[in-house]
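Asker:
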Amino acid sequence: MAILKFSFFSKQQDTKPWSFPDEPQDEIHKYLYNRELGLNTARLPPNWFSIVSRRMPHLFQETQIDLGNHDKIFCSHWISHNEIVVGTKCNKLLILNVETNKKFEIPLVTGCINTNNNNNNNNNNNNNNNNNSNCSGIRSIAVNPSRTLLAIGAGNPVQVMIYELPSFEPVIVFSGHNDLVFSVAWLDDSHVVSGSRDGTVRLWSIESKIISEMPLFPNKFVNVHQPLLTRSENGGKVRDLQFNSKTDQIMTLSTAGYVRLWDASYLNPVTKIPLIHTNENVCLSMNSKVNLFAVGSQAHISIVDPRTSSIVHEIDSVDEGWGVRSLNFDDHIITTGGGYGRLSFYDMRAQNYLVFNTSNDESSVTCNYKETGSGWLNAIYTLSYDESGTMLFTGGGPLQLGLKGSHATIWS
Numbered sequence: 055m056a057i058l059k060f061s062f063f064s065k066q067q068d069t070k071p072w073s074f075p076d077e078p079q080d081e082i083h084k085y086l087y088n089r090e091l092g093l094n095t096a097r098l099p100p101n102w103f104s105i106v107s108r109r110m111p112h113l114f115q116e117t118q119i120d121l122g123n124h125d126k127i128f129c130s131h132w133i134s135h136n137e138i139v140v141g142t143k144c145n146k147l148l149i150l151n152v153e154t155n156k157k158f159e160i161p162l163v164t165g166c167i168n169t170n171n172n173n174n175n176n177n178n179n180n181n182n183n184n185n186n187s188n189c190s191g192i193r194s195i196a197v198n199p200s201r202t203l204l205a206i207g208a209g210n211p212v213q214v215m216i217y218e219l220p221s222f223e224p225v226i227v228f229s230g231h232n233d234l235v236f237s238v239a240w241l242d243d244s245h246v247v248s249g250s251r252d253g254t255v256r257l258w259s260i261e262s263k264i265i266s267e268m269p270l271f272p273n274k275f276v277n278v279h280q281p282l283l284t285r286s287e288n289g290g291k292v293r294d295l296q297f298n299s300k301t302d303q304i305m306t307l308s309t310a311g312y313v314r315l316w317d318a319s320y321l322n323p324v325t326k327i328p329l330i331h332t333n334e335n336v337c338l339s340m341n342s343k344v345n346l347f348a349v350g351s352q353a354h355i356s357i358v359d360p361r362t363s364s365i366v367h368e369i370d371s372v373d374e375g376w377g378v379r380s381l382n383f384d385d386h387i388i389t390t391g392g393g394y395g396r397l398s399f400y401d402m403r404a405q406n407y408l409v410f411n412t413s414n415d416e417s418s419v420t421c422n423y424k425e426t427g428s429g430w431l432n433a434i435y436t437l438s439y440d441e442s443g444t445m446l447f448t449g450g451g452p453l454q455l456g457l458k459g460s461h462a463t464i465w466s
């Protein structure tokens with residue numbers, strides 16, 4: 055007698071638990087409308103930046119820059135096609151020319167604030183205590199949308215300084231934080247948001263109330279402004295922040311093991327998203343096109359979707375527990391700088407790291423990262439692409455507090 059076996063539960067195919075969303079095409083409605091009218095039958099142009107971000111990592115070659123005795127590069131930002139401004143732990147603001155390999159130092163505004171406000175006096179006392187600590191230096195750099203102003207967040211002195219571009223003349227000092235300023239971001243051409251180790255998020259305006267003046271030269275003063283709004287994280291230090299202009303929202307990364315979403319207009323909290331991996335959460339990056347955020351930790355990268363207030367994807371780091379120190383989330387590629395000195399590129403569509411040959415021989419051993427520099431172990435504290443996406447700057451230095459040194463590389 056024949057026995058028939060029926061399978062009521064078909065075998066499920068091996069599918070990825072989460073897929074990277076397609077980038078929205080802003081001009082798709084115009085294309086479809088023109089095609090319907092017969093006005094334009096040409097195909098949509100390819101996504102140039104998507105092609106560049108996928109192929110450039112395989113073409114990158116390392117060119118190291120000698121910075122002399124400067125200590126640890128913490129932040130960087132391209133200001134032209136051949137110049138990049140960097141901030142160091144030794145409190146130096148430098149302009150690097152990648153074509154001539156020359157560097158120029160920009161003087162910082164370090165004078166005393168002349169004010170009789172008791173709160174400011176208390177802040178100054180706290181600043182003096184913090185200046186003697188190891189956690190000083192320039193930690194963040196941001197350029198406004200019109201590329202006319204540059205903001206830096208520092209720990210010695212504890213303030214946000216605004217410089218005019220391209221002259222680098224100091225124009226405004228934002229005073230109010232009483233501990234190291236870890237991150238700054240421009241909301242528009244006149245408003246800045248900052249996050250600090252004092253656990254606060256502050257909103258500033260170049261048109262806000264002037265509380266004092268700071269002497270710059272014998273006959274030159276810089277206006278000192280107070281914050282428009284101040285909000286507290288209540289439990290952790292604000293380690294990093296990102297502003298999404300498309301949603302008008304700010305996301306902050308707290309050392310207490312969560313990220314928080316804020317309304318940018320009034321700094322009202324929207325939602326709080328706990329993280330799964332909470333050790334050494336020091337960097338946050340954003341892809342504004344698909345409204346996703348990447349959070350680095352000791353051994354993982356977490357992808358946060360603010361629309362669902364959840365962690366939608368997790369990535370193992372290639373730095374063997376030395377920590378994810380810097381991130382760049384552009385298009386579908388996440389560029390990662392680690393504490394072990396490795397530079398890696400994660401493809402969100404394929405959900406795998408890009409693989410590279412260790413030598414020019416095609417039969418050589420492959421690995422999923424690029425080594426940065428030689429000699430001393432240098433963590434990658436900052437990485438930034440130029441506007442074309444064809445050049446990448448990485449900077450850093452020794453991970454251990456007791457070691458001094460710097461590392462700077464152009465990948466092109």
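Counting from 55, one number per residue, gives the positions in the sequence shown under this note's numbering.
Every residue gets a Cβ at the ideal spot worked out from N, C-alpha and C, and that includes glycine.
Quantities reported herein were computed from a predicted structural model and do not represent experimental measurements.
1. Taking Val238 as the reference, which of Ser221, Asn198 and Pro269 has the closest Cα?
2. Thinking Gly392 and Ile365 are a contact (beta carbons under 8 Å), I'd like their distance in whole angstroms, please.
3. How is Met305 classed by DSSP in three states: helix, strand or coil?
4. Taking C-alpha atoms, which residue in Val163, Glu137 and Gly141 lies nearest to Lys156?
5. On the three-pair Cβ rule with 8 Å, is the stretch 243 to 260 touching the stretch 283 to 294?
6. Is the CB-CB distance between Ser286 and Thr254 below 8 Å?
7. Name the one or two DSSP bridge partners that Pro328 has.
8. Say whether the stretch 263 to 273 touches the stretch 307 to 321, bearing in mind that this needs 3 or more beta-carbon pairs closer than 8 Å, one atom from each stretch.
9. What does the alpha-carbon distance come out to for the pair Asp401 and Val278?
10. Please go through the same chain and pick out, in chain order, the residues whose beta-carbon is closer than 7 Å to the beta-carbon of Ser244, but skip the five residues on each side of it.
11. Locate the beta strand (DSSP E) running through Ile133, then write down its first and last residues.
12. What three-state label does DSSP hand Glu287 in the structure shown?
13. Give the C-beta separation of His386 and Phe114 to the nearest angstrom, bearing in mind that I take them to be a contact with Cβ-Cβ under 8 Å.
14. Count the other C-beta atoms from every protein chain shown that fall within 10 angstroms of the C-beta of Tyr320, then say buried if there are 16 or more, exposed otherwise.
15. Looking only at its chain, what residues have a beta carbon closer than 6 Å to the beta carbon of Asn382, apart from the 5 residues adjacent to it on each side?
16. Helix, strand or coil for Tyr320? Go by DSSP, reduced to three states.
17. Please classify Gly451: is it buried, with 16 or more other beta-carbons within 10 angstroms of its beta-carbon, or exposed?
18. Since Leu295 sits in a beta bridge, which residues does DSSP pair it with?
19. So the beta strand (DSSP E) Ala404 belongs to, where does it begin and stop?
20. Just to confirm, is the Cβ distance from Gln296 to Leu315 under 8 Å?
21. Is the CB-CB distance between Val31 and Val214 below 8 Å?
22. Need the endpoints of the beta strand (DSSP E) that Asn341 sits in, please.
23. Given Asn179, which residues of its chain have a CB within under 7 Å of its CB, disregarding the five upstream and five downstream residues?
24. Between the Cα of Thr202 and those of Tyr217, Val419, Ile149 and Gly350, spot the shortest distance and give me the residue it belongs to.
25. Going by DSSP in three states, Leu219 sits in which element: helix, strand or coil?
26. Could you name the residues of the same chain whose beta carbon sits closer than 7 Å to that of Ile149, not counting the 5 residues immediately before and after it, in chain order?
27. Taking the straight line between their C-alpha atoms, what separation do you get for Ile357 and Lys274?
28. Take Asn432 and list the residues in its own chain whose beta-carbon comes closer than 7 Å to its own, dropping the five residues that flank it on each side.
29. Would you grab the beta carbon distance between Ile195 and Ala208 for me? Rounded to a whole angstrom, and I think it's under 8 Å.
30. Determine the burial state of Pro224: buried for a count of at least 16 other Cβ atoms within 10 Å of its Cβ, exposed for fewer.
31. From the DSSP output, in three-state form, read off Asn182 for me.
32. Just to confirm, are Val372 and Tyr407 a CB contact at a threshold of 8 Å?
33. Tell me which residues share the same chain as Ser363 and place their Cβ nearer than 6 Å to its Cβ, disregarding the 5 neighbours each side in the sequence.
Answerer: Judging by the given coordinates:
1. Position 184 of the sequence shown, counted from the start, is the residue given in the question as residue 238. Comparing Cα-Cα distances from Val238 to each of Ser221, Asn198 and Pro269, the minimum goes to Asn198.
2. Locating residue 392 in the sequence shown gives position 338, counting from the first residue. Locating residue 365 in the sequence shown gives position 311, counting from the first residue. That belief does not hold up - the Cβ atoms of Gly392 and Ile365 are roughly 20 Å apart, past 8 Å.
3. By one-based count along the sequence shown, residue 305 stands at place 251. Three-state result, Met305: strand.
4. Your numbering for residue 156 matches position 102 in the sequence shown. Shortest Cα-Cα distance from Lys156 to any of Val163, Glu137 and Gly141 involves Glu137.
5. Cβ pair count under 8 Å is three or more, so yes.
6. Position 232 of the sequence shown, counted from the first residue, corresponds to residue 286. Position 200 of the sequence shown, counted from the first residue, corresponds to residue 254. Cβ distance < 8 Å, so Ser286 and Thr254 count as in contact.
7. Counting from one through the sequence shown, the residue named residue 328 turns up at place 274. Per the DSSP secondary-structure output, Pro328 pairs in a beta bridge with Tyr312.
8. Flag = no, the stretch 263 to 273 and the stretch 307 to 321 do not touch.
9. As a first step, residue 401 is located in the sequence shown; it is residue number 347 there, counting from the start. As a first step, residue 278 is located in the sequence shown; it is residue number 224 there, counting from the start. A straight line joining the alpha-carbon of Asp401 with that of Val278 spans about 44 Å.
10. Residue mapping note: residue 244 aligns to position 190 of the sequence shown, counting from 1. Excluding residues up to 5 positions away in sequence, Ser259, Ile260 and Glu261 lie with their Cβ nearer than 7 Å to the Cβ of Ser244 in the same chain.
11. Taking the first residue of the sequence shown as position 1, residue 133 is located at position 79. Unbroken run through Ile133: none, as it is neither H nor E.
12. One-based indexing of the sequence shown puts residue 287 at position 233. Note: Glu287 maps to coil in three-state DSSP.
13. As a working note, residue 386 is residue 332 in the sequence shown. As a working note, residue 114 is residue 60 in the sequence shown. By a beta-carbon distance limit of 8 Å, His386 does not contact Phe114. Their separation comes to about 17 Å.
14. In the sequence shown, the residue the question calls residue 320 occupies position 266. Exposed, by the Cβ-count rule.
15. Counting from one through the sequence shown, the residue named residue 382 turns up at place 328. Cβ contact annotation for Asn382 (same chain, cutoff 6 Å, sequence separation greater than five): Ser339, Thr389 and Leu437, in chain order.
16. In the sequence shown, the residue the question calls residue 320 occupies position 266. Secondary structure of Tyr320 (DSSP, three-state): coil.
17. By one-based count along the sequence shown, residue 451 stands at place 397. Gly451 counts as buried, since no fewer than 16 other beta carbons sit within 10 angstroms of its beta carbon.
18. Position 241 of the sequence shown, counted from the start, is the residue given in the question as residue 295. Paired residues: Thr306.
19. Residue mapping note: residue 404 aligns to position 350 of the sequence shown, counting from 1. Careful: Ala404 lies outside any beta strand (DSSP E) and carries neither H nor E.
20. For the purposes of this step, residue 296 is identified with residue 242 of the sequence shown, where counting begins at 1. For the purposes of this step, residue 315 is identified with residue 261 of the sequence shown, where counting begins at 1. No Cβ-Cβ contact shorter than 8 Å links Gln296 with Leu315.
21. Not covered by the structure: residue 31. The range shown for the chain is 55 to 466.
22. Within the sequence shown, numbered from 1, the residue matching residue 341 stands at position 287. Judged by DSSP secondary structure, Asn341 falls within the beta strand (DSSP E) whose first and last residues are Cys337 to Asn341.
23. The residue labelled residue 179 in the question sits at position 125 within the sequence shown. Legend: pLDDT at Asn179 = 39, less than 50; position of this residue unreliable, no value from coordinates given.
24. Position 148 of the sequence shown, counted from the first residue, corresponds to residue 202. Relative to the Cα of Thr202, the nearest Cα in the group Tyr217, Val419, Ile149 and Gly350 belongs to Tyr217.
25. Counting from one through the sequence shown, the residue named residue 219 turns up at place 165. The three-state secondary structure of Leu219, taken from DSSP, is coil.
26. As a working note, residue 149 is residue 95 in the sequence shown. Excluding residues within five positions, the ones whose Cβ falls inside 7 Å are Glu137, Val139, Lys157, Phe158 and Ile160.
27. Reading the sequence shown from its first residue, position 303 is the one you call residue 357. Reading the sequence shown from its first residue, position 220 is the one you call residue 274. Taking the Cα positions, Ile357 is about 47 Å away from Lys274.
28. On the sequence shown, position 378 is the one that residue 432 refers to. Gly395, Thr426, Gly450, Gly451, Pro452 and His461.
29. Within the sequence shown, numbered from 1, the residue matching residue 195 stands at position 141. Within the sequence shown, numbered from 1, the residue matching residue 208 stands at position 154. The pair is not a contact, with the Cβ atoms about 10 Å apart (cut-off 8 Å).
30. Here residue 224 corresponds to residue number 170 of the sequence shown, with the count starting at 1. Pro224 sits buried, since 16 or more C-beta atoms from the chains shown fall within 10 Å of its C-beta.
31. Residue mapping note: residue 182 aligns to position 128 of the sequence shown, counting from 1. For Asn182, the predicted structure reports a pLDDT of 40, less than 50, and the residue's modelled location is therefore unreliable. A value from the coordinates is still provided. Annotated three-state conformation of Asn182 is helix, per DSSP.
32. By one-based count along the sequence shown, residue 372 stands at place 318. By one-based count along the sequence shown, residue 407 stands at place 353. Yes, Cβ-Cβ distance for Val372 and Tyr407 is below 8 Å.
33. For this step, residue 363 is matched to residue 309 along the sequence shown. Excluding residues within five positions, the ones whose Cβ falls inside 6 Å are Thr325 and Ile327.
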